[in-house]
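In mature numbering (1 follows the signal peptide of the UniProt record, and there is no 0), the protein residues as written are -28 to -1, 1 to 444.
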C-alpha cells in the first residue's frame, strides 16, 4: 500500500530549476553568497536562493506537516546553537517523507531531514551528532564557498536533465517509470549540494566541538557514522554517504578516546522517541505493510503505538488512531496533539477541545495548542509573531478560519495568499491578494497592500538572481 509519494513532480521540477539556475552561471557571474553573511534580507543573494528552494520544498506533497515534530527539532537545535556564531539566527527546518536516507542544508540557513534517516538514528545523541554536523556546514559556509568555484561543472548534465524532465512530463512510459525518472532528476540536483572531502571532515570536527562544549555525549557522531556504514553495506547506494563521502575516514575521525558519560547523556528522552516515531509513521506509508514496518523499526512500545496512531490518522482512520492512543502508558505534547486532531476528525470536536484546553491550562502561550484551539473554535488567534514557517502556517490557518467565520473574505483571502506563497505557489498567491485588495477597505486594505508589496519585492529579487523568468 503505497500511500505517500516520496519524490513528487513539484520536487523534481524545483530540482531542475535549481540546477539549471546554477548551471547557467559562469564562474565570473556567480553572486558573492558570502557578502551579506547572516542577513535574512532580500539584499542577500544567499538568503534569496535558500528561501526560493525552501518555499518550493515546503509546497511539496512530500512535506511532513506535524507541528510537534518541528517543536522538538527546534528545541534540540537550541542545545547546539549557543556553541556557534549562529546563536541569534533562525534555522528554518523542513522534514520530508522519503525512502532515501539523507539530511542537508542550503543557503540562508535552511535544514532538511528525510524520514528514512530515522531508521538508523535510534538515540538522541545520534540525532545531535547529525545536527551538529549540518549546523557546522552552515556556520562554516561550505555551500557558498564551494559554489564560487563550481559554476561551470553543472553545465555538463543540464541537457540530459532537461531532456529527462521533458520526457517525464510528457508521460513517457508507465507512472512508475516516470516517478523513478523524476526521482533521479531530484537526486542529481540534490548532489549539487555535495561538499568536498575536506569540508566534510571540517564539519565533522567542528560538530564534535559543539557537542563537547555543550556537555552532550561526544560519541553521538561516531555512532551515527557507524550506523550509516552498516546500512550502506546492504544497499547499492546510500544517499547520505554519497553526498557526504569517506565513511571509513570519518568513522576513525569521529571516535573520541575521551568519551565520557554526562548527566545529559544519561537522560532518556521520550520526546526523541516520539519525534522519531512521527517521521517513521510518514515513512511507513511508502511500505506495502506499514504497521509491520513500524513494529520492525520502533522498539519503544509507547512510541510504536503512537506511530501507528499517527499513520492511522494520516490515512483518514481516526477511530483506529484513538484505539492506539488509548494504549499509551504516558502522554505528552505529541500524543495530546494527535489525540485532539483524531477526535476532531472523528466528529468529536468537543472531546478534542477538552484535550487542547487542558494543555493550555498548563502552558497558555503554547503556540501549537493555542492556534489549534483558535482554528477549531473559529475564534480570533492571539497576535503572535514567529520566525519559523511551521508556526506561521498554524497562525495563517487559524486566521483563515476566523475571518471566514465573520465573513471577512478579503482577510481570509489575505492569509490564504500568505500560506500559498510560503509553499512556492506565487501565481496563486498573487491572484488571491489582488482579489483581497479589490474588496478590502480601511486598515484591512493597508495590511493587504503591504503583503502584496512584499510578494512583489521577493519576486523581483528572485528575477534579479535569475531564479525565475516571469511569475506574473
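The C-beta atom is built at its ideal place from N, Cα and C for all residues, glycine as well.
These numbers were taken from a predicted model, which means no experiment stands behind them.
Exercise. Measure the Cβ-Cβ separation of residue 306 and residue 250 and say whether it is below 8 Å.
Key: Mapped onto the chain shown, residue 306 falls at position 334. Mapped onto the chain shown, residue 250 falls at position 278. A contact, by the Cβ cut-off of 8 Å.
Near residue 276, which residues of its chain fall below 8 Å by C-beta distance, leaving aside the five closest residues on each side in sequence?
-> Here residue 276 refers to the residue found at position 304 when the chain shown is read from its first residue. Result list for residue 276: 249, 266, 267 and 270, in chain order.
The beta strand (DSSP E) spanning residue 66 covers which residue range? Locating residue 66 in the chain shown gives position 94, where the first residue counts as 1. Where residue 66 is concerned, the enclosing beta strand (DSSP E) stretches over 64 to 68.
message: Using the three-state DSSP reduction, which class does residue 335 fall into: helix, strand or coil?
response: Looking up residue 335 in the chain shown gives position 363. Reduced to three states, the DSSP call for residue 335 is coil.
Point to revise | Euclidean distance between Cα positions of residue 75 and residue 32 | key: For the purposes of this step, residue 75 is taken as the residue at position 103 of the chain shown. For the purposes of this step, residue 32 is taken as the residue at position 60 of the chain shown. Each residue's Cα considered, the two are about 16 Å apart.
- Give me whichever residues DSSP pairs with residue 275 in a beta bridge. The count along the chain shown starts at 1 and reaches residue 275 at position 303. As computed with DSSP, residue 275 is found in no beta bridge at all.
Quiz item: Excluding sequence positions up to five away, which residues of its chain have a Cβ less than 7 Å from the Cβ of residue 368?
Solution: The residue you call residue 368 lines up with position 396 of the chain shown. Taking residue 368 as the centre and dropping the five residues before and after it, the same chain places the C-beta of 387, 390 and 391 closer than 7 Å to its C-beta, in chain order.
Any 3 or more C-beta pairs closer than 8 Å across the segment 49 to 60 and the segment 365 to 379: At 8 Å Cβ cutoff, the stretches do not touch.
Quiz item: Are residue 325 and residue 294 touching if we call contact CB-CB under 8 Å?
Solution: Counting from one through the chain shown, the residue named residue 325 turns up at place 353. Counting from one through the chain shown, the residue named residue 294 turns up at place 322. With respect to residue 294, residue 325 sits apart: the two C-beta atoms are not nearer than 8 Å.
Backbone secondary structure at residue 374 - three-state DSSP:
As a first step, residue 374 must be located in the chain shown, where it is residue number 402. Three-state DSSP puts residue 374 in a helix.
Please go through the same chain and pick out, in chain order, the residues whose beta-carbon is closer than 7 Å to the beta-carbon of residue 351, but skip the five residues on each side of it. As a working note, residue 351 is residue 379 in the chain shown. Residues 374 of the same chain have their beta carbon placed closer than 7 Å to that of residue 351, with the five preceding and five following residues left out of the count.
- Per-residue DSSP class, three states only, for residue 83: Counted from its first residue, the chain shown places residue 83 at position 111. Annotated three-state conformation of residue 83 is strand, per DSSP.
* To do: Can you tell me which of 92, 263 and 284 puts its alpha carbon nearest to the alpha carbon of residue 313?
  => If you number the chain shown from 1, residue 313 lands on position 341. A check of alpha carbon separations from residue 313 across 92, 263 and 284 identifies 284 as the nearest.
- prompt: What do you get for residue 425, buried or exposed, if any count of 16 or more other CB atoms within 10 angstroms of its CB means buried?
  reply: Residue mapping note: residue 425 aligns to position 453 of the chain shown, counting from 1. Classification of residue 425: exposed, given that the 10 Å Cβ count is below 16.
Bridge partners of residue 78, per DSSP? In the chain shown, counting from the first residue as 1, residue 78 sits at position 106. In the DSSP assignment, residue 78 is bridged to 82.
>> I need the DSSP call for residue 188, collapsed to helix, strand or coil.
In response: For the purposes of this step, residue 188 is taken as residue 216 along the chain shown, with counting starting at 1. DSSP places residue 188 in coil when its eight states are reduced to three.
Self-check item: Through-space distance from residue 105 to residue 466, alpha-carbon basis
Solution: Outside the modelled stretch of the chain, which goes from -28 to 444, sits residue 466, for which no answer is possible.
What's the C-alpha gap between residue 323 and residue 178?
Position 351 of the chain shown, counted from the first residue, corresponds to residue 323. Position 206 of the chain shown, counted from the first residue, corresponds to residue 178. Going by the C-alpha atoms only, they are around 48 Å apart.
Item to complete: Starting from residue 35, follow its DSSP beta bridges and name the residues at the other end.
Response: Taking the first residue of the chain shown as 1, we reach residue 35 at position 63. According to DSSP, which records beta bridges pairwise, residue 35 is partnered with 68.
* To do: Could you give the DSSP three-state label for residue 55: helix, strand or coil?
  => The sequence position of residue 55 within the chain shown is 83, counting from 1. DSSP, reduced to helix, strand and coil, places residue 55 within a helical segment of the structure shown.
* Is the Cβ of residue 399 closer than 8 Å to any Cβ of chain B? -> Here chain B cannot be found, since the structure has a single protein chain.
Q | residue 113: first and last residue of the uninterrupted alpha helix (DSSP H) it sits in | A | Here residue 113 corresponds to residue number 141 of the chain shown, with the count starting at 1. Where residue 113 is concerned, there is no enclosing alpha helix (DSSP H), given that its DSSP letter is neither H nor E.
Q.
Alpha carbons only, please: which of 97, 112, 186 and 288 is nearest the one belonging to residue 197?
A. The count along the chain shown starts at 1 and reaches residue 197 at position 225. Per the Cα distances, 97.
Skipping 5 residues on each side, what residues in its chain have a beta carbon closer than 6 Å to that of residue 329? As a working mapping, residue 329 is identified with position 357 in the chain shown. Hits under 6 Å: none found.
Inset, instruction - Report the rounded CA-to-CA distance for residue 308 versus residue 15, giving the unit in angstroms. - result: Your numbering for residue 308 matches position 336 in the chain shown. Your numbering for residue 15 matches position 43 in the chain shown. Near 42 Å, if we compare the C-alpha coordinates of residue 15 and residue 308.
Discussion item. Given this structure, state the Cα-to-Cα distance separating residue 517 from residue 18, to the nearest angstrom.
Written reply: The requested residue 517 is not part of the displayed model; the chain covers only -28 to 444.
- Message: With the cut-off set at 8 Å, would you say residue 34 and residue 83 are in Cβ contact?
- Response: For the purposes of this step, residue 34 is taken as residue 62 along the chain shown, with counting starting at 1. For the purposes of this step, residue 83 is taken as residue 111 along the chain shown, with counting starting at 1. Note that the C-beta distance between residue 34 and residue 83 is not below 8 Å.
Does the distance from the CB of residue 199 to the CB of residue 90 come in under 8 Å? The residue given as residue 199 occupies position 227 in the chain shown. The residue given as residue 90 occupies position 118 in the chain shown. No.
For residue 357, count the other beta carbons within 10 Å of its own beta carbon; 16 or more makes it buried, fewer makes it exposed. Which is it? Reading the chain shown from its first residue, position 385 is the one you call residue 357. That one is exposed.
Mapping DSSP to helix, strand and coil, what is residue 380? Position 408 of the chain shown, counted from the first residue, corresponds to residue 380. The three-state reading of DSSP puts residue 380 in coil, since its state is none of H, G, I, E or B.
**Item:** Close Cβ partners of residue 361 (< 7 Å) along its chain, the five nearest in sequence each way excluded
**Value:** As a first step, residue 361 must be located in the chain shown, where it is residue number 389. The beta carbon of residue 361 is closer than 7 Å to those of 30, 64 and 394 in its chain, skipping five residues each way along the sequence.
Tell me the rounded alpha-carbon separation between residue 55 and residue 186. What you label residue 55 is simply residue 83 of the chain shown in a count that begins at 1. What you label residue 186 is simply residue 214 of the chain shown in a count that begins at 1. Within the model, the alpha-carbon separation for residue 55 versus residue 186 is close to 7 Å.
Let me check understanding here. Comparing Cα to Cα, which of 413, 340 and 13 lies closest to residue 42? Working through the chain shown from its first residue, we reach residue 42 at position 70. Comparing Cα-Cα distances from residue 42 to each of 413, 340 and 13, the minimum goes to 340.
Cutoff 7 Å; reference residue 397; Cβ partners in own chain excluding five residues on either side: As a position in the chain shown, residue 397 is number 425, starting the count at 1. In the same chain as residue 397, and ignoring 5 residues on each side of it, the C-beta atoms closer than 7 Å to its own belong to 31, in chain order.
Report task. Express the C-alpha separation of residue 193 and residue 423 in angstroms, rounding to a whole number. Result -> As a first step, residue 423 is located in the chain shown; it is residue number 451 there, counting from the start. As a first step, residue 193 is located in the chain shown; it is residue number 221 there, counting from the start. Roughly 43 Å separates the two Cα atoms.
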